Amino acid sequence: MYNVKSMKADEFIDDGEILATLKYAQENKDNRELIESIIEKAEDCKGLSHREASVLLACENEELNEKMYALAKKIKQRIYGNRIVFFAPLYLSNYCINSCVYCPYHVKNKTICRKKLTQDEIKAETIALQDMGHKRLALEAGEDPINNPLEYILECIDTIYSIKHKNGAIRRVNVNIAATTVENYKKLKDAGIGTYILFQETYNRKNYEELHPAGPKSDYEYHTEAHDRAMQGGIDDVGLGVLFGLGTYAYELCGLLMHAEHLEAVFGVGPHTISVPRICPAEDIDVNDFSNALPDKIWQKLVAIIRIAVPYTGMIVSTRENEENRRIALELGISQISGASKTSVGGYANPDDETENTAQFDRSDTRTLDEVADWLIRMGYIPSFCTACYREGRTGDRFMSLAKSGAIGNCCQPNALMTLKEYLIDYASETTRKHGEELIEKELLNIPNEKVRQITIDNLKKIENDERDFRF
Ligand code: SF4
Ligand code: SF4
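Counting in our numbering, the sequence shown runs from 924 upward without gaps.
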């Protein structure tokens, strides 16, 4: 029985409720009046229920779909402004005892090279990332209690935060590791992580069990209830995501939104981020084996609808997507992207060596960070290396209230300009620097509060004089 506040996975992601929602959506997909009223309601940036969002997803009327896309863009602009935050994944280890059939790290894959970074190698990776200009990382590791126990992850976090190379620093470490216990989440919290990210992969229990035939991850409940345990362990910023293509997309969207509603209902804090990966080729993985693999158009529509339905959330797109898809997704509400990612273990410090055969997936966007930054600037976005919120204690419900009201933009805008300035001076090519300086001049005018604008201008001058790390 569906119960948004239940702590049982089968009740807050109730299969019956999802099927009833999909039926309702199909019955109303041509109901113009209803669809227009849902779009109108969404204009207030208060979000939509899973039922309302599912009706929008089912709508095939192009004119109404165009309205949704325009609204998604407007909502992202209203809440987060022009900034696009950068992050990079850092793969610590690809040892894994799970059997996820869509991932080359699955335990039965004997052709992939297994590698786990030593602390010296982590140091080299961190310096390589700092030398590109990155400030925010997402740590990735397979599940393996012998090779990658929590103590190893904690040690890696300590190492990463301790490294200060030239003007570089990793200021926020997000963590994407397997579902674990409340005790372990407390330890991650104490280690100073930003967001704990865990993808559900698929919300369809039957699919889930087929795709995860063995290993600890095969326990659907334990996996689905992990964000609750993370919250109970004190991590108040958690990230959701599904791997689109594993199940039918309408089912996944509905499950994802029900999960967001559950977090909000129980903890008063919805997902800090939602990621939108879809199945893509990798060593030992053929996309053609997945009959639900998504066409671009549908994926883009999902991006827009998630933005409309969960306006306050940070929406993330990775380098799984190519440049053109990333460009379109930015128009539809994406607020965070990775740049110059390596999905191999040790790939930043040793880009061309044997690490290539340790990768989790093939990247479609292989541009350098500088190229991606310049590309964003030329499209009028502000590349941002901001990590201010969690360092200022703006997490959980504090962050949510600012994001929901749109007040967070008052911090995002100046922080984006100041961190971009650092990037331009420390790491950018001459062309990017020129474009970036012009953008900063222009975007300063978009800081509405005069006092904040003046402080930002002063700080920009200090950055020119080699001071660093200003934030609102
Ligand atoms: Fe292991 Fe994660 Fe890959 Fe599954 S998706 S095989 S848990 S690394
Ligand atoms: Fe993100 Fe907060 Fe910085 Fe805005 S101010 S970019 S929400 S960390």
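Built from N, CA and C at the ideal position, the CB exists for glycine as well.
Quick caveat, the model's predicted, so the values are computed rather than measured.
Euclidean distance between Cα positions of residue i and residue j
i, j, result
"Ile-1007", "Cys-1203", "24 Å"
"Leu-1166", "Lys-1374", "44 Å"
"Gly-1404", "Asp-1219", "For residue 1404 there is no data in the structure shown, the boundaries of the chain being 924 and 1395."
"Ala-1339", "Phe-1122", "27 Å"
"Ala-981", "Gln-949", "6 Å"
"Leu-1163", "Tyr-1172", "15 Å"
"Glu-1387", "Arg-1356", "13 Å"
"Glu-1390", "Leu-945", "54 Å"
"Glu-1066", "Ile-1378", "46 Å"
"Gln-892", "Ala-1092", "Not covered by the structure: residue 892. The range shown for the chain is 924 to 1395."
"Gly-1237", "Lys-952", "28 Å"
"Ile-1348", "Leu-1299", "17 Å"
"Ile-998", "Ile-1197", "15 Å"
"Glu-1106", "Gly-1157", "10 Å"
"Glu-1048", "Ser-1214", "37 Å"
"Met-1178", "Glu-1184", "The residue asked about is misnamed: residue 1178 is Gly in this sequence, not Met. Going by the C-alpha atoms only, they are around 10 Å apart."
"Ile-1208", "Tyr-1028", "10 Å"
"Phe-1190", "Met-1154", "8 Å"
"Tyr-947", "Ile-1257", "28 Å"
"Thr-1354", "Ser-1287", "24 Å"
"Tyr-1350", "Asp-1293", "8 Å"
"Asn-1070", "Ala-1330", "44 Å"
"Ile-962", "Ile-1228", "10 Å"
"Ile-1363", "Pro-1200", "31 Å"
"Ile-936", "Glu-1124", "14 Å"
According to DSSP, residues forming a beta bridge with residue i
i, result
"Glu-1124", "Val-1165"
"Glu-934", "Answer is none; Glu-934 lacks a bridge partner."
"Thr-1196", "Gly-1162 and Gly-1237"
"Leu-1060", "Ala-1011 and Val-1096"
"Ala-1205", "Ile-1208"
"Ser-1016", "Lys-1039 and Ala-1064"
Residue i, DSSP secondary structure in three states
i, result
"Gly-1237", "strand"
"Ala-1173", "helix"
"Lys-946", "helix"
"Thr-1354", "helix"
"Lys-1039", "strand"
"Arg-1006", "strand"
"Ser-1022", "coil"
"Pro-1218", "coil"
"Cys-1334", "helix"
"Ser-1328", "helix"
"Met-924", "coil"
"Glu-966", "coil"
"Gly-1157", "coil"
"Asp-1381", "helix"
"Asn-1248", "helix"
"Arg-1243", "coil"
"Ile-1363", "helix"
"Phe-1393", "coil"
"Lys-1046", "helix"
"Thr-1034", "coil"
"Ile-1228", "helix"
"Glu-983", "coil"
"Lys-1374", "helix"
"Ser-929", "coil"
Closest residue to residue i among the options (Cα-Cα distance)
i, options, result
"Glu-1247", "Thr-1289, Ile-1086 and His-1182", "Thr-1289"
"Ile-1020", "Glu-975, Ile-1100 and Leu-1368", "Ile-1100"
"Ser-1264", "Tyr-992, Val-978, His-1057 and Glu-985", "His-1057"
"Arg-1317", "Gly-939, Asp-1160 and Ile-1221", "Asp-1160"
"Lys-1397", "Ala-1232, Ala-1282, Ala-1272 and Glu-940", "Because residue 1397 is not part of the residues shown, which for the chain are 924 to 1395, the question remains open."
"Val-1240", "Leu-1347, Pro-1234, Ser-1261 and Glu-1254", "Ser-1261"
"Glu-966", "Asp-953, Arg-955 and Arg-1001", "Arg-1001"
"Asp-933", "Ser-1214, Ala-1227, Ser-1352 and Tyr-1143", "Tyr-1143"
"Ile-1076", "Gly-1115, Gly-939 and Glu-1124", "Gly-1115"
"Lys-1110", "Ala-1216, Asp-1081 and Asp-953", "Asp-1081"
"Met-1055", "Tyr-1025, Tyr-1271 and Pro-1068", "Tyr-1271"
"Gln-1283", "Ile-958, Leu-1015 and Ile-1331", "Leu-1015"
"Cys-1312", "Arg-974, His-1185, Arg-1286 and Phe-1393", "Phe-1393"
"Gly-1359", "Ile-1370, Glu-1345 and Asn-1372", "Glu-1345"
"Arg-1230", "Asn-1245, Gln-1259, Leu-1217 and Asn-1333", "Gln-1259"
"Pro-1194", "Leu-971, Lys-1224 and Met-1323", "Met-1323"
"Leu-1253", "Asp-1293, Phe-1009 and Cys-1026", "Phe-1009"
"Leu-1225", "Ser-1022, Ser-977 and Glu-959", "Ser-977"
Taking the runs of the alpha helix (DSSP H) that are 4 residues or longer, which of them lie wholly in the region 1073-1141?
1073-1085, 1105-1113 and 1128-1134
Would you mind listing the beta strand (DSSP E) stretches within the region 1257-1320 that are 3+ residues and don't spill past its ends, in chain order?
1259-1261 and 1305-1307
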